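Visitor:
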Ligand code: F0G
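In our numbering, the protein residues as written are 7 to 410.
See below:
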């Protein structure tokens, strides 16, 4: 594999491996894979390796033989017949990223990002996070024996995620500010050489996350779905998945790219507002707020990349309320037995809402990416479900309590 790094904004080549943005214009960076060496191959050949991120090693910009891996990826693609019938869409599937080693899609990006950190000889890695990135980085840093610092917004991180970051041995710092403040601080620490930043502004992270596109295609025997729906927070994942489809189209392995469809929470929706007013850039939200704390982000670092992915594919973006998110989360659990965290349920809430608005056709094949596991945020789940029934410890009391 060979690759270069360039600026998403001005296109200039970037040589310094330790900068997190373009030294000339400050734009986001991207990895440009040289796919020439594998042009003659077919996607079937990749199947000699097990399903998962590293099946797609020729598309990844690190040495796969030295990968720091916890066997990430290979997540289920569930066909959701009951949900499809309910929303009156031909084919609805859920790509359940909660089945990754630390329970979210972040592991796909972290296996590549931490492998890169090791290649560069870094000793300490760090990130700002709404929770999942910190849980994932902490685990991969442990595996690679690297020091790890995570900056979290005080009081706004779901219990499961916080427990994970502490459990894997990261230095966990809560700041009196939100995610956007935390990201600014960790970037300053990275620029000053204190640590290697592994937020998704690091272009090696989306490289791992683009394997969601490859896996979906693989699981559908290379038939391209019409639409991908996913939550948008810091806005790298929608770009990453788009980039994966673009690369396979460049290879001639697929002939079109699904409509990339981004969902945000109503209290935290700068990308949706930009898209709905036809803008290619966005105005940050000063005080983002939502029950879906994973995507409680007002100034998405990869916002322009996300907008490009949406526009280029004829996709769309919409916001959903906290009530719609919680209802969709319960619906997916009770209709399909799939447990996802609130941010991930935005995909399902967005699916239903866009269908009602007539923006999704009934004959589409849709894949909803559900990014994180229900156990990440047990407090929200328990608040949004029916109360627990208490009973005396005898059979007749239990029968009475359940109304039998
Ligand atoms: N879903 C979940 C469960 C997330 O944790 C995140 C982001 C997203 C969706 C949005 O992805 O940022 O690429 O648009 N979580 C980050 C974190 C911000 O710190 O864990 P995105």
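Where a beta carbon is used, it is the ideal one built from N, C-alpha and C, also for glycine. Because the structure is a prediction, the values reported are computed rather than measured.
(1) Return yes when at least one heavy atom of the ligand F0G lies under 7 Å from the C-beta of residue 237, else no.
(2) Closest to residue 72 by CA distance: which of 30, 121, 37 and 50 is it?
(3) Between which two residues does the alpha helix (DSSP H) harbouring residue 139 extend?
(4) Where in the region 218-284 do unbroken runs of the beta strand (DSSP E), each at least 3 residues long, occur, reported from the N-terminal end onward?
(5) Let me know the secondary structure DSSP gives residue 371 once reduced to three states.
(6) Per the contact definition of three or more C-beta pairs closer than 8 Å, is the region 290-308 in contact with the region 272-282?
(7) Between residue 97 and residue 60, what straight-line distance do the alpha-carbon atoms span, to the nearest angstrom?
(8) Rounded to a whole number of angstroms, what is the C-alpha to C-alpha distance between residue 109 and residue 327?
(9) From which residue to which residue does the beta strand (DSSP E) around residue 76 run?
(10) For residue 187, report the span of its alpha helix (DSSP H) as first-last.
(11) Report the start-end ranges of each alpha helix (DSSP H) in the region 22-95 that is 4 residues or longer and not cut off at the edges.
(12) With a threshold of 7 Å (Cβ to nearest heavy atom), would residue 243 be considered close to the ligand F0G?
(13) Would you check if the region 241-251 and the region 302-315 touch, i.e. whether three or more CB-CB distances between them fall below 8 Å?
(14) Quick one: grab the DSSP three-state call for residue 17.
(15) Using a Cβ-based criterion (distance less than 7 Å to any ligand heavy atom), does residue 5 qualify as near the ligand F0G?
(16) Should residue 349 be listed as close to the ligand F0G, given that the test is whether its C-beta is under 7 Å from any heavy atom?
(17) Among the candidates 91, 408 and 136, whose CA atom is the shortest distance from the CA of residue 395?
(18) Cβ of residue 234 versus every heavy atom of the ligand F0G: is any distance shorter than 7 Å?
(19) With respect to 7 Å, is the separation between the Cβ of residue 29 and the closest non-hydrogen atom of the ligand HEM below this value?
(20) With hydrogens ignored, establish whether the beta-carbon of residue 322 is closer than 7 Å to any heavy atom of the ligand F0G.
(21) Would you check if the region 156-169 and the region 368-384 touch, i.e. whether three or more CB-CB distances between them fall below 8 Å?
(22) Taking 7 Å as the cut-off, is the CB of residue 181 close to at least one heavy atom of the ligand F0G?
Guide: By the coordinates alone:
(1) Locating residue 237 in the chain shown gives position 231, counting from the first residue. Yes; taking the cut-off as 7 Å, the Cβ of residue 237 has a heavy atom of the ligand F0G nearer than that.
(2) In the chain shown, counting from the first residue as 1, residue 72 sits at position 66. Of the listed residues, the one whose Cα sits closest to residue 72 is 121.
(3) Taking the chain shown and counting its residues from 1, the one referred to as residue 139 is at position 133. 138-150 is the span of the alpha helix (DSSP H), which, as asked, contains residue 139.
(4) Entirely contained in the region 218-284, the beta strand (DSSP E) runs reaching 3 residues are, in chain order, 233-237 and 265-271.
(5) Taking the first residue of the chain shown as position 1, residue 371 is located at position 365. Note: residue 371 maps to strand in three-state DSSP.
(6) yes
(7) The residue labelled residue 97 in the question sits at position 91 within the chain shown. The residue labelled residue 60 in the question sits at position 54 within the chain shown. Using only the alpha carbons, I get a separation of about 28 Å.
(8) To locate residue 109, count along the chain shown from 1; it is residue 103. To locate residue 327, count along the chain shown from 1; it is residue 321. Computed Cα separation, rounded: 24 Å.
(9) As a position in the chain shown, residue 76 is number 70, starting the count at 1. Run containing residue 76: none; DSSP gives neither H nor E here.
(10) Position 181 of the chain shown, counted from the first residue, corresponds to residue 187. First-last of the alpha helix (DSSP H) with residue 187: 185-197.
(11) Taking 4 residues as the shortest admissible run, the region 22-95 contains the following complete alpha helix (DSSP H) segments, listed from N- to C-terminal end: 87-93.
(12) The residue you call residue 243 lines up with position 237 of the chain shown. Indeed, a heavy atom of the ligand F0G lies less than 7 Å from the Cβ.
(13) yes
(14) Within the chain shown, residue 17 is the residue found at index 11, counting from 1. Reduced to three states, the DSSP call for residue 17 is coil.
(15) As displayed, the chain neither begins before 7 nor continues past 410, which places residue 5 out of reach and without an answer.
(16) Here residue 349 is taken as the residue at index 343 of the chain shown, counted from 1. Yes, Cβ of residue 349 sits closer than 7 Å to a heavy atom of the ligand F0G.
(17) Along the chain shown, read from residue 1 onward, the residue named residue 395 stands at position 389. Closest by alpha carbon: 408.
(18) Along the chain shown, one-based indexing puts residue 234 at 228. No; taking the cut-off as 7 Å, the Cβ of residue 234 has no heavy atom of the ligand F0G nearer than that.
(19) In the structure shown, the ligand HEM is absent; the only ligands present are the ligand F0G.
(20) In the chain shown, the residue the question calls residue 322 occupies position 316. Every heavy atom of the ligand F0G is 7 Å or more from the Cβ of residue 322, so no.
(21) yes
(22) Taking the chain shown and counting its residues from 1, the one referred to as residue 181 is at position 175. No, the ligand F0G has no heavy atom inside 7 Å of this Cβ.
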